[in-house]
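Respectively, the protein sequence lines represent chains L and E. In this text, residue positions in the first sequence follow my numbering: the first is 1, and each later residue adds one. In this text, residue positions in the second sequence follow my numbering: the first is 1001, and each later residue adds one. Following: one structure in structure tokens, then a few remarks.
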Amino acid sequence: DTEVTQTPKHLVMGMTNKKSLKCEQHMGHRAMYWYKQKAKKPPELMFVYSYEKLSINESVPSRFSPECPNSSLLNLHLHALQPEDSALYLCASSQPARRQGIEQFFGPGTRLTVL
Amino acid sequence: QKEVEQDPGPLSVPEGAIVSLNCTYSNSAFQYFMWYRQYSRKGPELLMYTYSSGNKEDGRFTAQVDKSSKYISLFIRDSQPSDSATYLCAMSAFTGNQFYFGTGTSLTVIP
């Protein structure tokens, strides 16, 4: 199984809502990533988990809170977001690396709209 | 100056054409060069990666790296409508190090 799954596919939320994005992989990868991608822009790294521990936080605002409950699951908890946070949120996984593994497998993303 | 430069296109070609996609970079420390394909509203998919200079071929796709010119290319032979997507290059100095993505080139292959 070389698939990374993400739920939900689409999410619309208000600025006062709390929601969570979920990512799952069963490739035995021990590195998992959250990226944010705006339209016509490349993905921007947000967080890296390596062996279920947060290893990289790219100065992401605290309204984004990642969680890695086990080696297959990665969550991104959202609270008090701003309209400019609307984007495609991508999860990826790879074999562990110092920062970003070369062969990353991406999920299809969650398209988030903040009203 | 950006670390990685990529012409955003859009690029439109007839079916069966040879497509050339390119990126230039400024950091001579880059050793790993990746090409991702991203369909509309989907996540990126790694097509291939090369280490250092040279060519690598996989089916209709060929990746070339010219480190002396700091220039990489992806060639698509016998292009198909299913190749219509955005192609992102990415680079890294060391395995496991920070990625630098290009902005992506939008390709449309017309039947």
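All C-beta atoms in this analysis are idealised placements derived from N, C-alpha and C, irrespective of residue type, glycine included. These numbers were taken from a predicted model, which means no experiment stands behind them.
Can you give me the C-alpha to C-alpha distance between D1007/E and L88/L, rounded to a whole angstrom?
Against the second sequence, residue 1007/E aligns to sequence position 7. Against the first sequence, residue 88/L aligns to sequence position 88. Those two C-alpha atoms are separated by around 22 Å.
Tell me which same chain residues have a C-beta within less than 7 Å of the C-beta of A1085/E, skipping the five on either side of it?
One-based indexing of the second sequence puts residue 1085/E at position 85. So the list reads R1037, Q1038, Y1039 and L1107, once near-sequence residues are dropped.
Give a yes or no on whether 8 Å exceeds the smallest Cβ distance from S1069/E to chain C.
The chain inventory of the structure shown lacks chain C, comprising the protein chains L and E.
Pull out every residue of the stretch 1035 to 1049 of chain E whose Cβ sits closer than 9 Å to any Cβ of chain L, in chain order.
Y1036, Q1038, R1041, K1042, G1043, P1044, E1045, L1046 and Y1049
Using a beta-carbon distance below 8 Å, is K41/L in contact with chain E?
What you label residue 41/L is simply residue 41 of the first sequence in a count that begins at 1. At least one chain E Cβ lies under 8 Å of K41/L.
Just curious, the beta strand (DSSP E) that M27/L is in, first and last residue?
Sequence index remark: in the first sequence, residue 27/L carries index 27 (1-based). Per DSSP, M27/L belongs to no beta strand (DSSP E) and is neither H nor E.
Can you tell which of V114/L, R30/L, G109/L and N57/L has its C-alpha closest to the C-alpha of Q95/L?
Looking up residue 95/L in the first sequence gives position 95. Comparing Cα-Cα distances from Q95/L to each of V114/L, R30/L, G109/L and N57/L, the minimum goes to R30/L.
Does any CB atom of chain L fall closer than 8 Å to the CB of S1012/E?
Position 12 of the second sequence holds residue 1012/E. Chain L, which has no Cβ nearer than 8 Å to the Cβ of S1012/E, makes this no.
Should T5/L be labelled buried (16 or more other beta-carbon atoms within 10 Å of its own) or exposed?
If you number the first sequence from 1, residue 5/L lands on position 5. Flag for T5/L reads exposed.
Determine, using beta-carbon pairs with one atom in the stretch 100 to 109 of chain L and one in the stretch 1013 to 1021 of chain E, whether at least three such pairs fall under 8 Å.
no
Pair every Cβ in the stretch 9 to 17 of chain L with every Cβ in the stretch 65 to 83 of chain L, then say whether three or more of these pairs are closer than 8 Å.
yes
Quick check on F1061/E - is its C-beta less than 8 Å from some C-beta in chain L?
In the second sequence, the residue the question calls residue 1061/E occupies position 61. By this cut-off, F1061/E is not an interface position.
Buried or exposed: K36/L, going by 16 or more other Cβ atoms within 10 Å of its Cβ?
What you label residue 36/L is simply residue 36 of the first sequence in a count that begins at 1. That one is buried.
Return the Cβ separation of S71/L and E52/L in integer angstroms, given the expectation that the two are a contact with Cβ distance under 8 Å.
The count along the first sequence starts at 1 and reaches residue 71/L at position 71. The count along the first sequence starts at 1 and reaches residue 52/L at position 52. Contact holds; Cβ gap of about 6 Å.
Can L90/L and G1043/E be called in contact, C-beta distance under 8 Å?
Sequence index remark: in the first sequence, residue 90/L carries index 90 (1-based). Sequence index remark: in the second sequence, residue 1043/E carries index 43 (1-based). Yes, they are a contact pair.
Which residue from S93/L, R111/L and T113/L puts its Cα closest to that of M27/L?
Along the first sequence, one-based indexing puts residue 27/L at 27. Ranking the options by Cα distance to M27/L, first place goes to S93/L.
I'd like to know if G14/L contacts chain E, where contact means its C-beta is closer than 8 Å to some C-beta of that chain.
As a first step, residue 14/L is located in the first sequence; it is residue number 14 there, counting from the start. No, its Cβ sits nowhere closer than 8 Å to a Cβ of chain E.
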